[in-house]
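From first to last, the protein sequence lines stand for chains A and B.
Sequential numbering from 1 applies to the first sequence in the numbering used here.
Sequential numbering from 1 applies to the second sequence in the numbering used here.
Protein chains: 2
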Amino acid sequence: MTHFHDATTCQSCNQRFTSVFCKAKQEFIAEINEQKVCNVYKKGQTLFNEGSYPFGVYCINEGKVKLSHLGDDGKEQIIRLLRGGDVLGYRALLSGERYSASAIVLEDTQVCFIPKELFISVLKNDAGLAFEMMKLLSDELHKAEVKLTHLAQKPIRERLAETLLFIKETYGYEADGVTLNVRLSREEIANLVGTATESTIRLLSEFKKDGMVELEGKKIKILRQKELIRTANLQD
Amino acid sequence: MTHFHDATTCQSCNQRFTSVFCKAKQEFIAEINEQKVCNVYKKGQTLFNEGSYPFGVYCINEGKVKLSHLGDDGKEQIIRLLRGGDVLGYRALLSGERYSASAIVLEDTQVCFIPKELFISVLKNDAGLAFEMMKLLSDELHKAEVKLTHLAQKPIRERLAETLLFIKETYGYEADGVTLNVRLSREEIANLVGTATESTIRLLSEFKKDGMVELEGKKIKILRQKELIRTANLQD
DNA sequence: CATAAAACATGATAAAAATCATGTATAAGG
DNA sequence: CCTTATACATGATTTTTATCATGTTTTATG
Numbered sequence: 001m002t003h004f005h006d007a008t009t010c011q012s013c014n015q016r017f018t019s020v021f022c023k024a025k026q027e028f029i030a031e032i033n034e035q036k037v038c039n040v041y042k043k044g045q046t047l048f049n050e051g052s053y054p055f056g057v058y059c060i061n062e063g064k065v066k067l068s069h070l071g072d073d074g075k076e077q078i079i080r081l082l083r084g085g086d087v088l089g090y091r092a093l094l095s096g097e098r099y100s101a102s103a104i105v106l107e108d109t110q111v112c113f114i115p116k117e118l119f120i121s122v123l124k125n126d127a128g129l130a131f132e133m134m135k136l137l138s139d140e141l142h143k144a145e146v147k148l149t150h151l152a153q154k155p156i157r158e159r160l161a162e163t164l165l166f167i168k169e170t171y172g173y174e175a176d177g178v179t180l181n182v183r184l185s186r187e188e189i190a191n192l193v194g195t196a197t198e199s200t201i202r203l204l205s206e207f208k209k210d211g212m213v214e215l216e217g218k219k220i221k222i223l224r225q226k227e228l229i230r231t232a233n234l235q236d
Numbered sequence: 001m002t003h004f005h006d007a008t009t010c011q012s013c014n015q016r017f018t019s020v021f022c023k024a025k026q027e028f029i030a031e032i033n034e035q036k037v038c039n040v041y042k043k044g045q046t047l048f049n050e051g052s053y054p055f056g057v058y059c060i061n062e063g064k065v066k067l068s069h070l071g072d073d074g075k076e077q078i079i080r081l082l083r084g085g086d087v088l089g090y091r092a093l094l095s096g097e098r099y100s101a102s103a104i105v106l107e108d109t110q111v112c113f114i115p116k117e118l119f120i121s122v123l124k125n126d127a128g129l130a131f132e133m134m135k136l137l138s139d140e141l142h143k144a145e146v147k148l149t150h151l152a153q154k155p156i157r158e159r160l161a162e163t164l165l166f167i168k169e170t171y172g173y174e175a176d177g178v179t180l181n182v183r184l185s186r187e188e189i190a191n192l193v194g195t196a197t198e199s200t201i202r203l204l205s206e207f208k209k210d211g212m213v214e215l216e217g218k219k220i221k222i223l224r225q226k227e228l229i230r231t232a233n234l235q236d
């Protein structure tokens, strides 16, 4: 079972230099620190569910979370992968709507919760944070638009290669320098790529046959990153 | 040729109650009014090009604009359709990057340009506007995520029906109450749906045969909206 | 540790969609 | 108005991808 340090203060948080909050004024950080509620979620648990109302935002201290949508036919589409330092739940909060996606923990994860009213009031009084927030939203929007274009125009083989590279960018490698530092089921990878599970399994086998990856259960090792990049056919 | 009223002031602009700027403080509106530059663009002209640096944001007074991405193989993907009251160019500006999409005018369009420095400074000093901006970004992000899910999970037939409904939501009908109030080529519709042009042509013919639409060159009439909604298979 | 359930794997088949080919209509330009 | 280019249309074919079927492996659980 994963061990976490005791929940400390926002002022000494590991993520204080990487999260959006790093640009917030000290006085507001102090206030957030007082009102935040930290919790540890176990693998498979849910931070929030699509369709319910947001009461605040979540700040990941350490761990991994997936954000996923249910399609009209109930099929999961993974929208984003999150790690320590990432904030989530702000989209629905800002739009004033229900959550349009569910946040599910991929491995034991430590999360701080910041109440809605506080978050909004800080945002309204701290132009620096507001600006960071707009940047964050802009970046997410950009990523979504690129993904949209790839989804519309690229074959599954390229999208799978791209997804593997994306997983690596997000969670990095384990100590050995080749194993992706997350365990995702084939179905989850498929739901990230936007394809059928069988197609993903088949293509992963091909990638293995081609020597690009090595598969050991849910462990995926990237053996030839350059070839994967070529397979992904990325221009930008 | 389309006729436009003389460019008036922001204070008397038709869009002053619908655009994001409606929540900005009067003093800032006045400043924007002084520095804005209004222009009329003709069909096919470009407001800005993917890859170039943003110098400000564009506010559509009247007209229609498409925002499109080029895929890695050079194929257009239409990301958004814009109309009077919409603002564009803020995404790249906020991220501090080059434009990731091009804005091309679909019909003669009147646009006001607001310089980067002014926009940023107003945004930093007017929490109300900043908040509206975050809402706008959140809404766009939401739309992009839904589109992404549909692109991944829905067949082209459903996506085309959805796209026709989307065009209707965006630009509405002409005076007759059935003709979509925009002229898009089949290729543009395909680039909105995310499919091959031939597939779009074929399916539009089917929709016509089924009595859902009527086609007269680039004029598209929606005859049975309910059936279209059913065909789009929308749950949410 | 046995047993059930879930996840993985792979072949066969069907369905969906893209591409190619060709012809027609429509719009643009001299 | 004629010519040329472009857009539209539709059939034939191929490619891609999903689905179905079935077996194997792994994982969870009493």
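Glycine is no exception: its CB is placed at the ideal position from the N, C-alpha and C atoms.
Just checking, does the segment 83 to 99 of chain B make contact with the segment 45 to 60 of chain B on the three C-beta pairs under 8 Å criterion?
-> The segment 83 to 99 of chain B, when compared against the segment 45 to 60 of chain B, does touch it at the 8 Å Cβ threshold.
Exposed or buried, what is residue 37(A) when buried is set at 16 or more other beta-carbons lying within 10 Å of its beta-carbon?
-> Looking up residue 37(A) in the first sequence gives position 37. Flag for residue 37(A) reads exposed.
With respect to the alpha helix (DSSP H) encompassing residue 188(A), which residues constitute its N-terminal and C-terminal limits?
-> In the first sequence, residue 188(A) corresponds to position 188, counting from 1. For residue 188(A), the enclosing alpha helix (DSSP H) covers residues 186 to 193.
Can you list the residues of chain A that residue 319(B) reaches, using a CB-CB cut of under 9 Å?
-> In the structure as shown, chain B begins at 1 and stops at 236. Residue 319(B) is therefore absent and cannot be evaluated.
CA-to-CA distance, residue 63(B) to residue 195(B), given in whole angstroms | As a first step, residue 195(B) is located in the second sequence; it is residue number 195 there, counting from the start. As a first step, residue 63(B) is located in the second sequence; it is residue number 63 there, counting from the start. Distance between the alpha carbons of residue 195(B) and residue 63(B) is about 26 Å.
Have a look at 135(A), 56(A), 4(A), 58(A) and flag the residue whose alpha-carbon is nearest the alpha-carbon of residue 124(B).
-> Walking along the second sequence from the start, residue 124(B) turns up at place 124. Minimum Cα distance to residue 124(B) is reached at 135(A).
In the structure shown, what three-state DSSP assignment does residue 83(B) receive?
-> For the purposes of this step, residue 83(B) is identified with residue 83 of the second sequence, where counting begins at 1. Note: residue 83(B) maps to strand in three-state DSSP.
Residues within the segment 93 to 110 of chain A neighbouring chain B, beta-carbon criterion of under 9 Å = Answer set for the segment 93 to 110 of chain A: 93, 94, 95, 96, 97, 100, 101.
DSSP-derived helix/strand/coil call for residue 51(A) | Numbered from its first residue, the first sequence carries residue 51(A) at position 51. Three-state DSSP puts residue 51(A) in coil, outside helix and strand.
Cβ of residue 233(B) within 9 Å of any chain A Cβ | As a position in the second sequence, residue 233(B) is number 233, starting the count at 1. Using a CB distance cut-off of 9 Å, residue 233(B) counts as an interface residue toward chain A.
Are at least three pairs of beta-carbons, each pair with one atom in the segment 157 to 168 of chain B and one in the segment 165 to 180 of chain A, less than 8 Å apart?
-> Taking a cut-off of 8 Å on C-beta distances, the segment 157 to 168 of chain B does not touch the segment 165 to 180 of chain A, as fewer than three cross pairs fall below it.
Use the C-beta contact count for residue 185(B): other C-beta atoms within 10 angstroms, 16 or more gives buried, fewer gives exposed.
-> For this step, residue 185(B) is matched to residue 185 along the second sequence. Around the CB of residue 185(B), fewer than 16 other CB atoms lie within 10 Å, so the residue is classed as exposed.
Looking only at C-alpha atoms, which of 150(B), 201(B), 208(B), 187(B) sits nearest to residue 72(A)?
-> Stepping through the first sequence from its first residue, residue 72(A) is reached at position 72. For the residues 150(B), 201(B), 208(B), 187(B), the minimum Cα distance to residue 72(A) belongs to 150(B).
Say whether chain A places a C-beta atom closer than 9 Å to the C-beta of residue 25(B).
-> Stepping through the second sequence from its first residue, residue 25(B) is reached at position 25. No, residue 25(B) lies away from the interface with chain A (no Cβ there is under 9 Å from its Cβ).
Taking residue 59(A) as the reference, which of 18(A), 207(A), 227(A) has the closest Cα?
-> Position 59 of the first sequence, counted from the start, is the residue given in the question as residue 59(A). Nearest C-alpha to residue 59(A): 18(A).
What does residue 131(B) touch in chain A if you count any residue whose Cβ is under 9 Å from its own?
-> Taking the second sequence and counting its residues from 1, one reaches residue 131(B) at position 131. Near residue 131(B) (Cβ distances below 9 Å), the residues of chain A are 94, 120, 123, 124, 130.
Is it buried or exposed for residue 126(B), if we count other Cβ within 10 angstroms and need 16 for buried?
-> Counting from 1 along the second sequence, the entry for residue 126(B) is found at position 126. Buried is the call here.
With a cut-off of 9 Å, does the C-beta of residue 144(A) fall near any C-beta of chain B?
-> The residue given as residue 144(A) occupies position 144 in the first sequence. Yes, residue 144(A) counts as interfacial toward chain B.
Taking just the CA atoms, how far does residue 56(A) sit from residue 113(A)?
-> Reading the first sequence from its first residue, position 113 is the one you call residue 113(A). Reading the first sequence from its first residue, position 56 is the one you call residue 56(A). Rounded to whole angstroms, residue 113(A) to residue 56(A) spans 7 Å at the Cα level.
Separation of residue 35(B) from residue 10(B), as counted between CA atoms = As a working mapping, residue 10(B) is identified with position 10 in the second sequence. As a working mapping, residue 35(B) is identified with position 35 in the second sequence. A direct Cα-Cα distance of roughly 11 Å separates residue 10(B) from residue 35(B).
Would you list, in chain order, the members of the segment 72 to 90 of chain A that have their beta-carbon closer than 8 Å to a beta-carbon of chain B?
-> Here the close residues are 72, 73, 75, 77, 79, 90.
Beta-ladder partner(s) of residue 111(B), from DSSP = The residue labelled residue 111(B) in the question sits at position 111 within the second sequence. Beta-bridge pairing links residue 111(B) to 39(B), 60(B).
8 Å Cβ cut-off: residues of chain A touching residue 139(B) | One-based indexing of the second sequence puts residue 139(B) at position 139. Under the 8 Å cutoff, chain A gives 95.
Could you please tell me which residues of the segment 152 to 181 of chain B, in chain order, have their CB closer than 8 Å to any CB of chain A?
-> Those would be 152, 153, 154, in chain order.
Cβ contact (3+ pairs, closer than 8 Å) linking the segment 171 to 182 of chain B and the segment 198 to 209 of chain B | The answer is no - the segment 198 to 209 of chain B does not touch the segment 171 to 182 of chain B, with fewer than three Cβ pairs under 8 Å.
Within-9 Å CB hit, residue 194(A) to chain B = Translated into positions along the first sequence, residue 194(A) becomes position 194. Output row for residue 194(A): interface = yes.
For residue 216(A): DSSP bridge partner residues | Position 216 of the first sequence holds residue 216(A). Assignment of beta-bridge partners to residue 216(A) by DSSP yields 219(A).
CB contact flag (residue 219(A), residue 183(A), <9 Å) = Taking the first residue of the first sequence as position 1, residue 219(A) is located at position 219. Taking the first residue of the first sequence as position 1, residue 183(A) is located at position 183. Against a cut-off of 9 Å, the Cβ pair of residue 183(A) and residue 219(A) comes out as a contact.
Mind checking if residue 148(B) is an interface residue toward chain A, Cβ cutoff 9 Å exclusive?
-> Within the second sequence, residue 148(B) is the residue found at index 148, counting from 1. When Cβ-Cβ separations below 9 Å define contact, residue 148(B) makes contact with chain A.
Sort 94(B), 223(B), 31(B) by Cα distance to residue 118(B) and report the nearest one.
-> Taking the first residue of the second sequence as 1, we reach residue 118(B) at position 118. Closest option to residue 118(B), Cα to Cα, is 31(B).
Can you round the beta-carbon distance between residue 77(B) and residue 181(B) to whole angstroms, since I take them to be within the 8 Å contact cut?
-> Along the second sequence, one-based indexing puts residue 77(B) at 77. Along the second sequence, one-based indexing puts residue 181(B) at 181. Actually they are not in contact, since the Cβ atoms of residue 77(B) and residue 181(B) sit about 23 Å apart, beyond 8 Å.
Assign residue 175(B) to buried or exposed, taking buried as 16 or more other Cβ atoms, counted over all protein chains shown, within 10 Å of its Cβ.
-> The count along the second sequence starts at 1 and reaches residue 175(B) at position 175. Exposed, by the Cβ-count rule.
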